[in-house]
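Q:
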Amino acid sequence: MFITVSDVIEYLFCPRFIFFMHCLNIPQREERYYKVLRGRELHESREKVNTSYVRKRLKCVRKEVSVYLTSRRYRIKGEVDEVLFLDDGTAAPMDYKYAEYSGVVHRTHRYQLALYGLLIMEHFEVPVNRGYICYTRSNHHVEEVIFRQKDYDAAIDTVNEILRTVQYGYYPEGTKQKARCVDCTYRNICD
Amino acid sequence: MLVWVIYDISDNRTRSRVAKICKNYGLYRVQKSAFLGDLNRNESDSLAVECESVIEDSDSVYVFPMCEDCFDKIKLIGTGFDRELVSGMTVTKFF
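Residue numbers (my numbering), protein chains in the order written: chain A, 58 to 248; chain B, 302 to 396.
Rendered as structure tokens:
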């Protein structure tokens, strides 16, 4: 069984998302949200517009766009927006977000990049020690994330927790941050 | 939080589209170009983004958040809006 990198983001937001989605098969119906639709449009246009452009400021020499990767070892799958091959022989994932940069890179985004990093390392057999996030609502601000071993370890641990939740049908604790419940899609059925 | 949406849009079509967006978010029309209602931060941001995609550069839409204390201090002169309905204290109103 494989889980997607998006599942990890949702699990970090609130562990119960995974239970509702994968154990009870209740869809999120996120397409009702305008910002989600705009984000999808962004990803579609990014695949078509300016595909040959490589970011020289990031010392990128080559890139691959929308790379779908799976890993039997980590039991994850996901589509990386861009894989940047840098001039020092390493590679880096780049993810586009339809969001504003608030001064910090959130834990969800950091782990998402770390998992993409693991997939790239396994598939392309090049070291990955950093990743980038492009915040399109802050004038395409690019933020660099340097990976440490503990980021990779924590991301893998999260994947294992999710697999355990899904396989045993275990009902996890909800998030402790109650502000997240305000506009959660599952608030009507969650206690 | 309580949010005011006030706009100045010259084109009829665009203006009615913005009004429709406001109504879809559950805001109450308190004047011709002024809406008020209870939204969370994400909804208010989404509303602003949606309005931005509709309007021209020459148009303007203001999205003002307002705290409850300030709302209580509003003075209504003449025909005003129903305070309880707008602030979400009345759930449904039958006419």
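The C-beta atom is built at its ideal place from N, Cα and C for all residues, glycine as well. These numbers come from a predicted model, not from an experiment.
Return the chain-ordered list of same chain residues with a C-beta closer than 6 Å to the C-beta of A:Pro72, the five sequence neighbours on each side being excluded.
A: One-based indexing of the first sequence puts residue 72 of chain A at position 15. Excluding sequence neighbours, A:Pro72 sits near Pro229.
Q: Got a sec: is the Cβ-Cβ distance from B:Val350 to anything in chain A below 8 Å?
A: Taking the first residue of the second sequence as position 1, residue 350 of chain B is located at position 49. Yes, because at least one Cβ of chain A sits closer than 8 Å to the Cβ of B:Val350.
Q: Are at least three pairs of beta-carbons, each pair with one atom in the region 149-163 of chain A and one in the region 195-208 of chain A, less than 8 Å apart?
A: Flag = yes, the region 149-163 of chain A and the region 195-208 of chain A touch.
Q: Excluding the five sequence neighbours on either side, which residues of its own chain have a C-beta within less than 8 Å of the C-beta of B:Glu351, listed in chain order?
A: For the purposes of this step, residue 351 of chain B is taken as residue 50 along the second sequence, with counting starting at 1. Same-chain partners within the cutoff: Ile322.
Q: Closer than 7 Å by beta-carbon distance: list the chain B residues that pair up with A:Lys233, in chain order.
A: Within the first sequence, residue 233 of chain A is the residue found at index 176, counting from 1. Correct list: empty, because the minimum Cβ distance to chain B is about 19 Å.
Q: Put A:His198 into one of helix, strand or coil per three-state DSSP.
A: Along the first sequence, one-based indexing puts residue 198 of chain A at 141. Here A:His198 sits in strand by DSSP.
Q: Quick check: the region 130-137 of chain A against the region 171-183 of chain A, are at least 3 beta-carbon pairs closer than 8 Å?
A: Contact holds: three or more Cβ-Cβ distances are below 8 Å.
Q: Going along the region 69-96 of chain A in order, which residues come within less than 8 Å of chain B, judged by CB to CB distance?
A: Going along the region 69-96 of chain A in chain order, one finds Tyr90, Tyr91, Lys92 and Arg95 with a Cβ nearer than 8 Å to chain B.
Q: For the alpha helix (DSSP H) that contains B:Cys323, what are its first and last residues?
A: Counted from its first residue, the second sequence places residue 323 of chain B at position 22. Residues Asn313 to Asn325.
Q: Per the contact definition of three or more C-beta pairs closer than 8 Å, is the region 331-345 of chain B in contact with the region 232-243 of chain A?
A: Counting Cβ pairs under 8 Å, three or more are found: they touch.
Q: Cβ closer than 9 Å: which chain B residues qualify as neighbours of A:Val239?
A: Numbered from 1 along the first sequence, position 182 holds the residue referred to as residue 239 of chain A. Per Cβ cutoff of 9 Å: Asn341, Arg342 and Asn343.
Q: Flag B:Ser347 as yes if its beta-carbon sits less than 8 Å from any beta-carbon of chain A, otherwise no.
A: Here residue 347 of chain B refers to the residue found at position 46 of the second sequence. Closer than 8 Å: yes.
Q: Leaving out five residues on either side along the sequence, give the residues of the same chain with a beta carbon under 8 Å from the beta carbon of B:Met367.
A: Here residue 367 of chain B refers to the residue found at position 66 of the second sequence. Excluding residues within five positions, the ones whose Cβ falls inside 8 Å are Met302, Leu303, Val304 and Trp305.
Q: Can you list, in chain order, the residues of its chain with a C-beta nearer than 6 Å to that of A:Lys120? Leave out the 5 residues immediately preceding and following it.
A: Counting from 1 along the first sequence, the entry for residue 120 of chain A is found at position 63. Excluding residues within five positions, the ones whose Cβ falls inside 6 Å are Val111, Glu139 and Leu141.
Q: Judging by CA-CA distance, which residue of A:Asn107, A:Val223 and A:Tyr131 is the nearest neighbour of A:Val122?
A: Numbered from 1 along the first sequence, position 65 holds the residue referred to as residue 122 of chain A. Ranking A:Asn107, A:Val223 and A:Tyr131 by Cα distance to A:Val122 puts A:Asn107 first.
Q: Do the CB positions of A:Glu88 and A:Leu94 come within less than 8 Å of each other?
A: As a position in the first sequence, residue 88 of chain A is number 31, starting the count at 1. As a position in the first sequence, residue 94 of chain A is number 37, starting the count at 1. Taking 8 Å as the Cβ cut-off, A:Glu88 and A:Leu94 qualify as a contacting pair.
Q: Going by the beta-carbon positions, is the gap between A:Cys247 and A:Gly231 smaller than 8 Å?
A: One-based indexing of the first sequence puts residue 247 of chain A at position 190. One-based indexing of the first sequence puts residue 231 of chain A at position 174. Yes, the Cβ-Cβ distance between A:Cys247 and A:Gly231 is below 8 Å.
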